[in-house]
Amino acid sequence: MAELPGIDRETLDVDVVIVGAGPAGLAAAYRLAELVKAHNDSNEKKLEISIAVLEKGKEIGSHGISGAVMDPRGIAELMPDWLERGCPIESPVTDDGFWYLFEKLKIAAPIMPPPLQNHGNYVISLGEFVRWMAPIVGEMGVDLFAEFAASRVLVEEGRVAGVRTGDKGIDKNGQVKANFEPGVDVRAKVTILAEGPRGTLTKQLAGTFDLYEGKNPQVYSVGVKELWQLPDDRFALGRVVHTLGWPLDGDTFGGGFIYGMKDRIVDIGLVVGLDYRNPTLDPHQEFQRYKTHPSIRPLLEGGTMISAGAKAIPEGGYYSMPRMHGEGFLITGDSAGYLNGARLKGIHLGIKSGSMAAETAFHALLNEDYSASQLGEYEALFEASWAREELWKQRNFHQAFEYGQLAGLINAGLGIVTGGRGYGVMNRLEGHAGHERMERIQRYFGADHPHPPETMKFDNTLTFDKVTDVYNGGVLHEENQPAHLLIADTEVCITRCTEEYGNPCFHFCPAQVYEPQLTADGRGKVPFLNFTNCFHCKTCDIMDPYQVITWVPPEAGGGPNYKKL
Ligand code: SF4
5 MAELPGIDRE TLDVDVVIVG AGPAGLAAAY RLAELVKAHN DSNEKKLEIS IAVLEKGKEI
65 GSHGISGAVM DPRGIAELMP DWLERGCPIE SPVTDDGFWY LFEKLKIAAP IMPPPLQNHG
125 NYVISLGEFV RWMAPIVGEM GVDLFAEFAA SRVLVEEGRV AGVRTGDKGI DKNGQVKANF
185 EPGVDVRAKV TILAEGPRGT LTKQLAGTFD LYEGKNPQVY SVGVKELWQL PDDRFALGRV
245 VHTLGWPLDG DTFGGGFIYG MKDRIVDIGL VVGLDYRNPT LDPHQEFQRY KTHPSIRPLL
305 EGGTMISAGA KAIPEGGYYS MPRMHGEGFL ITGDSAGYLN GARLKGIHLG IKSGSMAAET
365 AFHALLNEDY SASQLGEYEA LFEASWAREE LWKQRNFHQA FEYGQLAGLI NAGLGIVTGG
425 RGYGVMNRLE GHAGHERMER IQRYFGADHP HPPETMKFDN TLTFDKVTDV YNGGVLHEEN
485 QPAHLLIADT EVCITRCTEE YGNPCFHFCP AQVYEPQLTA DGRGKVPFLN FTNCFHCKTC
545 DIMDPYQVIT WVPPEAGGGP NYKKL
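Per our numbering, numbering through the sequence shown is continuous, rising by one, with the last residue being 569.
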């Protein structure tokens, strides 16, 4: 996001600022407000604590997207009367299925693998869930600011002192427009980051404070999904199906999901590991292909696609969680890697992380101590929690998939009987950043082999191009603003990337943001950025083989406007 230098900015002083109004951020706000209220109800000396939540979306929930089958443990612990308070569940899970897909065939597993057993869980829409939670949090005295994108962390004398929100009203050339509004410095005693996977501010802090020292790098997947309105009840409400196999090859981590929602809506998607080898792999196209499988096509035939989106998922597990605290800050939810990749679940863990961060912040406020040693209580709470116990049991789940799907599945099975150790003789399997696994194009396809990616023809009935999915994600950005994808070195795109990898950004972006454009001197191709299409999925920031792409928040309010995703 563009930031003009030398501008007078307003300052907002709060006690705690929370960046991101997803489940982790809202849980942190709720729990902190609850602790303050309980304190004030039983103490003469009252606390006056101001809590602000910043959300980059146009409204709270508009950027909310997930599978989602929710384990209720997190919300039930945070808010025991969550169902009585009208939490918008679609349905309890009524039926579980697990299919292995070959191109023309499916094999349904006679018994469910334990991590995928969903009895007791709920099909939900994450967007609707946070839309329900936000007013509850607001009524507790928390200030919720939608359309406020935090663009950077304020670091002063080695400690985090709050965040700066992005300037609004800057044109594509970096000049102020008539509606210019400078960003605000939100200064806080404690800053809690809950900005989702591959968070911009988390990335800044990870660089400044070396938060991944001694850890495995985080690895991600991208989930591409659509909602379909069906003409009849052919897919039952509450039914949950997970698939492995086709169209992904044996080297690629991932699988599909199909969930039955209310009103004959089916939630269908494909998760693709962002540690794939094939440099021309296109997750959106693989998902479109997935829908043509003979066991899936009949589920959708005669239906209408009503919504679409994409989002990254942190898959690395326990050993890929960064140090989650420091001087003046805490990191929660997907930003800190609270996701159980084996169960495909993170909402309950995100809520738990927000709750533990709130308890830590509350004690810091009582002690008037915001040092790293005080805020380290958060890691101690985590280590003693059920969240840690759950993640520990899957601590080596993802790493073995680096050696292919079969190795990963054997390791996952071993993990079940060894309490999570799997192949890890000394407990821990090393992991590597996903982009490092991508192979050079000649090596992958062979020097004499043609390697144009196979381009699928979309029929606009069952299968759709990227732009149609962007439209159905309600994606909208102000056009006259600087692009929010920063490419540090476009010379790399023209020379090394074209030669070595065939410009993977033209393939991996599910929103067709990167389009090949011939340079003026005809030397090669650079990406033309259709940034207004962007789903904010972060795939490009993660999977670019040279790591020269940085996703930064666009002008606040821009992005998808997800409905029921
Ligand atoms: Fe995702 Fe990057 Fe494409 Fe935006 S530009 S949709 S963040 S891959």
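Note that the Cβ used here is the ideal one computed from N, Cα and C, for glycine as well.
Considering only C-alpha positions, which residue in the set the options is nearest to residue i?
i: T195; options: F366, D452, A404 and Q398; result: F366
i: L285; options: I64, P318 and F449; result: F449
i: W136; options: A404, G380 and I64; result: I64
i: I317; options: F512, A210, L343 and L87; result: L343
i: V228; options: K295, G166, Q222 and L197; result: K295
i: P283; options: A314, L234 and E503; result: E503
i: A437; options: A25, V223, H481 and G26; result: V223
i: G259; options: E161, W103 and A312; result: W103
i: G354; options: G341, R347 and T364; result: G341
i: H329; options: Q121, L522 and D214; result: D214
i: E52; options: F510, L39 and E59; result: L39
i: A368; options: K356, E381 and V159; result: E381
i: A312; options: G273, G277 and L303; result: G273
i: A346; options: E331, L370, G321 and S339; result: G321
i: K176; options: P558, G563 and S155; result: P558
DSSP three-state label for residue i, please.
i: Y104; result: strand
i: D171; result: coil
i: S46; result: helix
i: E651; result: The displayed coordinates of the chain run from 5 to 569. Any statement about residue 651 would go beyond what the structure contains.
i: I64; result: coil
i: Y427; result: coil
i: V530; result: strand
i: E434; result: coil
i: P201; result: coil
i: F449; result: helix
i: I55; result: strand
i: T98; result: coil
i: E230; result: strand
i: E185; result: strand
i: T554; result: strand
i: F510; result: helix
i: G78; result: helix
i: S299; result: coil
i: F213; result: helix
What is the residue span of the alpha helix (DSSP H) that residue i lies within?
i: A368; result: I351 to N371
i: G264; result: Per DSSP, G264 belongs to no alpha helix (DSSP H); it is in the beta strand (DSSP E), G258 to M265.
i: W390; result: W390 to W396
i: Y294; result: P287 to Y294
i: Y475; result: K470 to N476
i: F10; result: What sits at residue 10 in the sequence shown is Gly, not Phe. From DSSP, G10 is part of no alpha helix (DSSP H); its letter is neither H nor E.
i: P520; result: From DSSP, P520 is part of no alpha helix (DSSP H) but of the beta strand (DSSP E) over Y518 to L522.
i: I310; result: Counting along the chain, I310 falls outside any alpha helix (DSSP H), though it belongs to the beta strand (DSSP E) covering T308 to P318.
i: W136; result: L130 to E143
Within the continuous beta strand (DSSP E) that includes residue i, where are the two ends?
i: A384; result: No beta strand (DSSP E) holds A384; the alpha helix (DSSP H) holding it covers E381 to E387.
i: L248; result: R243 to G249
i: I491; result: L489 to I491
i: T15; result: T15 to V23
i: V157; result: A154 to E160
i: T499; result: That residue, T499, is in no beta strand (DSSP E); it is neither H nor E in DSSP.
i: P283; result: No beta strand (DSSP E) contains P283, which DSSP labels as neither H nor E.
Would you call residue i buried or exposed, if buried means 16 or more other Cβ atoms sit within 10 Å of its Cβ?
i: F532; result: exposed
i: L395; result: buried
i: N220; result: buried
i: R37; result: With the sequence shown as reference, residue 37 is identified as Ala, and Arg is not the correct amino acid for it. Buried, since its Cβ has 16 or more Cβ neighbours within 10 Å.
i: D255; result: buried
i: D85; result: exposed
i: W390; result: exposed
i: N415; result: buried
i: P298; result: exposed
i: A112; result: exposed
i: K60; result: buried
i: N183; result: exposed
i: V421; result: exposed
i: N122; result: buried
i: D240; result: At residue 240 the sequence reads Ala, which differs from the Asp that was named. With fewer than 16 other Cβ atoms within 10 Å, it is exposed.
Taking Cβ positions, are residue i and residue j nearer each other than 8 Å?
i: G101; j: V275; result: no
i: I553; j: C541; result: no
i: K568; j: E48; result: no
i: F386; j: M360; result: yes
i: G187; j: R13; result: yes
i: A192; j: T336; result: no
i: G242; j: S95; result: yes
i: D253; j: L8; result: no
Is residue i close to chain B, meaning its C-beta is less than 8 Å from at least one C-beta of that chain?
i: M442; result: Protein chain content of the structure displayed is limited to a single chain, and chain B is not contained in it.
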